[in-house]
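K.L.:
Residue numbers (this note's numbering): -17 to 374.
Every residue, glycine too, gets a C-beta built ideally from N, C-alpha and C.
Below is a structure I'd like to ask you about.
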Amino acid sequence: MPNPLNPAMAHTAASPIVASKSWMDGMTFPPERPLINVSQAAPMEAPPLPLREEIARIVLEDTSAHLYGPVLGLPELREELAHQWSTAYHAGISPPEVAITSGCNEAFTAVMTTIAGPGDEVILATPWYFNHKMWCDMSGVHAVPLPTGDDLLPDLETCARLITPRTRAIVLITPNNPGGVEYPPELLTKFYALAREHRIMLVLDETYRDFDSRSEVPHHLFRQPDWRDTLVHLYSFSKAFRLTGHRVGALITGTDRMVEVEKYLDTVTICPNQIGQRAALWGLRNLSQWVAGERTEILARRAAMIEGFKALQGWKLLGCGAFFAYAEHPFDMPSSEFAPWLLREAGVLLLPGTAFMPQNDPRAERQLRIAFANIGVPEIETLFTRLAQIKP
């Protein structure tokens, strides 16, 4: 029997999260040395109790939450996000310029489908977020790697040289996944100007904006007079309110592009999760102080990570922020082998740099990502104790 398979899908690598979980098949971890899982940047705890109580009320009392809703999302949530983001960025964003999606990954795929098609090019700063690369591969879009330096910041002139007539967008993430670095506002302004000059889109993923260490506005792009023609902003409620299982994200773009986004969303999900949207709305209105506390805790963990690397012989911390530390290890073993070895020998699950870099980049086999947001400061100290003891 014929078994047709889309070649683009067949050539798309599997998610490294899925692959890393397979490393644990048949493994057990003794109580005296429990697993330290720093592989995935997702809260492992349920939403705070007041939000869960509100979700329970929604389930029981709001019958409309169990029905189809608007394709572009709950009007009240779009309005609230537009209002809060306008205040935060000192800009004017209107509700029609906001779409609610089934997580930030869908926000990315929705808007990218309106930007690029087979044979087009999209520039991704490396190390890149693997799901962004996977979308390019399965869509027939060429992901053009934009190398970063030791500071993990993308270089404007290097990017300019990569732009061709087939280039459709530059994709940046800040605070960065996997690198953790926070892009300076002036650098983002320069990338915006570069994209506008070449009539391409700048797609800015700010999934981790709630955990930025800076107190000032992270960028001024929404204050650009014609930002709607160049900028797309992506966001996720998963990290701020621990709503990972409810799949609620958002994108902001001009209304002309939003017409095309709506076609995609109507085809794929019809509407975002209705209960999750109401939970996100309640969170925006009621949990700002709680999120501030979460941010303080994440910054404490970040400080513990930076301090821990100071004591490690031969390791080099390249970036640290939001949920991530990105580092070079000193061993001869390539990271694609070292990561599963580390799980077996030290009970630490993390991801190799090969998950975030082009295959032909030799730096990948020296690099690792540690998603530290899921472990507290005592576990971080235990992590470094184990790393200091290993000798592959």
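Between 334, 67 and 208, which lies nearest to residue -3 when the distance is taken from Cα to Cα?
P.N.:
By 1-based counting over the sequence shown, the position of residue -3 is 15. Among 334, 67 and 208, the Cα nearest to that of residue -3 is on 334.
K.L.:
Measure the alpha-carbon distance for residue 134 versus residue 339 and round it to whole angstroms.
P.N.:
Translated into positions along the sequence shown, residue 134 becomes position 152. Translated into positions along the sequence shown, residue 339 becomes position 357. Distance between the alpha carbons of residue 134 and residue 339 is about 12 Å.
K.L.:
Just the Cα atoms here: how many angstroms apart are residue 138 and residue 144?
P.N.:
In the sequence shown, residue 138 corresponds to position 156, counting from 1. In the sequence shown, residue 144 corresponds to position 162, counting from 1. Looking at the two C-alpha atoms, the distance is approximately 10 Å.
K.L.:
Determine the direct distance from the alpha carbon of residue 146 to that of residue 121, and round the result to whole angstroms.
P.N.:
What you label residue 121 is simply residue 139 of the sequence shown in a count that begins at 1. What you label residue 146 is simply residue 164 of the sequence shown in a count that begins at 1. Using only the alpha carbons, I get a separation of about 19 Å.
K.L.:
I want to know whether the segment 169 to 183 touches the segment 241 to 260 - three or more CB-CB distances under 8 Å.
P.N.:
No, the segment 169 to 183 is not in contact with the segment 241 to 260.
K.L.:
According to DSSP, simplified to helix, strand and coil, what is residue 165?
P.N.:
Position 183 of the sequence shown, counting from 1, holds the residue named residue 165. Reduced to three states, the DSSP call for residue 165 is coil.
K.L.:
Which partner residues does residue 217 have in the DSSP bridge list?
P.N.:
Within the sequence shown, numbered from 1, the residue matching residue 217 stands at position 235. 232.
K.L.:
If distances are taken between C-alpha atoms only, which option among 199, 162, 107 and 194 comes closest to residue 71?
P.N.:
Within the sequence shown, residue 71 is the residue found at index 89, counting from 1. Nearest C-alpha to residue 71: 199.
K.L.:
Hey, residue 350 and residue 332 are a contact pair by Cβ (cut 8 Å); roughly how many whole angstroms apart?
P.N.:
Within the sequence shown, the letter at position 368 stands for residue 350. Within the sequence shown, the letter at position 350 stands for residue 332. With a Cβ gap of about 6 Å, residue 350 and residue 332 count as contacting.
K.L.:
Can you give the Cα-Cα distance for residue 310 and residue 320, rounded to whole angstroms?
P.N.:
For the purposes of this step, residue 310 is taken as residue 328 along the sequence shown, with counting starting at 1. For the purposes of this step, residue 320 is taken as residue 338 along the sequence shown, with counting starting at 1. Between residue 310 and residue 320, the C-alpha separation is close to 12 Å.
K.L.:
Just confirm the distance between the C-beta atoms of residue 296 and residue 312, as a whole number of angstroms; I'd bet it's less than 8 Å.
P.N.:
In the sequence shown, residue 296 corresponds to position 314, counting from 1. In the sequence shown, residue 312 corresponds to position 330, counting from 1. Rounded, the Cβ-Cβ distance is 3 Å, consistent with contact.
K.L.:
In this structure, how does DSSP classify residue 42 when only helix, strand and coil are distinguished?
P.N.:
Position 60 of the sequence shown, counting from 1, holds the residue named residue 42. Looking at residue 42 - three-state DSSP - the assignment turns out to be helix.
K.L.:
Going by DSSP in three states, residue 376 sits in which element: helix, strand or coil?
P.N.:
What is shown of the chain runs -17 to 374, which leaves residue 376 out entirely.
K.L.:
Let's test the definition: count the other Cβ atoms within 10 Å of the Cβ of residue -13 and tell me whether it reaches 16, buried, or not, exposed.
P.N.:
Along the sequence shown, read from residue 1 onward, the residue named residue -13 stands at position 5. With fewer than 16 Cβ atoms within 10 Å of its Cβ, residue -13 is classed as exposed.
K.L.:
Would you decide whether residue 84 is buried or exposed? Buried here means 16 or more other CB atoms lie within 10 Å of its CB.
P.N.:
The residue you call residue 84 lines up with position 102 of the sequence shown. It is buried - the Cβ of residue 84 has at least 16 other Cβ atoms within 10 Å.
K.L.:
So, residue 233 versus residue 81, is the Cβ gap smaller than 7 Å?
P.N.:
Translated into the one-based positions of the sequence shown, residue 233 becomes position 251. Translated into the one-based positions of the sequence shown, residue 81 becomes position 99. It is a contact, given that the beta carbons lie within the stated cut-off.
K.L.:
Following the continuous alpha helix (DSSP H) through residue 299, name the residue where it begins and the one where it ends.
P.N.:
Residue 299 sits at position 317 when you count from the first residue of the sequence shown. Segment 298 to 303 is the beta strand (DSSP E) holding residue 299; no alpha helix (DSSP H) there.
K.L.:
Any idea what DSSP makes of residue 35, helix, strand or coil?
P.N.:
Within the sequence shown, the letter at position 53 stands for residue 35. Looking at residue 35 - three-state DSSP - the assignment turns out to be helix.
K.L.:
Return helix, strand or coil for residue 91, following the three-state DSSP convention.
P.N.:
For this step, residue 91 is matched to residue 109 along the sequence shown. DSSP places residue 91 in helix when its eight states are reduced to three.
K.L.:
Quick check: what's the CA-CA separation for residue 117 versus residue 11?
P.N.:
As a first step, residue 117 must be located in the sequence shown, where it is residue number 135. As a first step, residue 11 must be located in the sequence shown, where it is residue number 29. Approximately 35 Å, taken between the alpha carbons.
K.L.:
To the nearest angstrom, how far is it from the Cα of residue 275 to the Cα of residue -7?
P.N.:
Walking along the sequence shown from the start, residue 275 turns up at place 293. Walking along the sequence shown from the start, residue -7 turns up at place 11. The alpha-carbon atoms of residue 275 and residue -7 are separated by roughly 43 Å.
K.L.:
I'd like the span of the alpha helix (DSSP H) that includes residue 225, first residue to last.
P.N.:
Position 243 of the sequence shown, counting from 1, holds the residue named residue 225. Counting along the chain, residue 225 falls outside any alpha helix (DSSP H), and DSSP gives it neither H nor E.
K.L.:
Following the continuous alpha helix (DSSP H) through residue 239, name the residue where it begins and the one where it ends.
P.N.:
Within the sequence shown, numbered from 1, the residue matching residue 239 stands at position 257. Counting along the chain, the alpha helix (DSSP H) containing residue 239 begins and ends at 237 to 250.
K.L.:
Round the Cβ separation of residue 20 and residue 330 to the nearest angstrom and send it over; I've been treating them as touching at under 8 Å.
P.N.:
Residue 20 sits at position 38 when you count from the first residue of the sequence shown. Residue 330 sits at position 348 when you count from the first residue of the sequence shown. Correct: roughly 7 Å between the Cβ atoms.
K.L.:
Per DSSP, residue 19 is paired with what?
P.N.:
Here residue 19 refers to the residue found at position 37 of the sequence shown. 331.
K.L.:
Would you list the residues sitting across from residue 287 in a DSSP beta bridge?
P.N.:
Position 305 of the sequence shown holds residue 287. None, per the DSSP bridge assignment.
K.L.:
With C-beta atoms as the reference, is residue 149 less than 7 Å away from residue 178?
P.N.:
By one-based count along the sequence shown, residue 149 stands at place 167. By one-based count along the sequence shown, residue 178 stands at place 196. The answer is no: Cβ separation not under 7 Å.
K.L.:
Taking the alpha carbon of residue 218 as the point to measure from, which residue in 210, 209 and 228 has its own alpha carbon closest?
P.N.:
As a working mapping, residue 218 is identified with position 236 in the sequence shown. That would be 228, whose Cα lies nearest to the Cα of residue 218.
K.L.:
From which residue to which residue does the alpha helix (DSSP H) around residue 112 run?
P.N.:
In the sequence shown, counting from the first residue as 1, residue 112 sits at position 130. From DSSP, the alpha helix (DSSP H) with residue 112 extends over 112 to 121.
K.L.:
Going along the chain, which residues of its own chain have a beta-carbon closer than 6 Å to the beta-carbon of residue 239, five neighbours each way excluded?
P.N.:
Position 257 of the sequence shown, counted from the first residue, corresponds to residue 239. Hits under 6 Å: 96.
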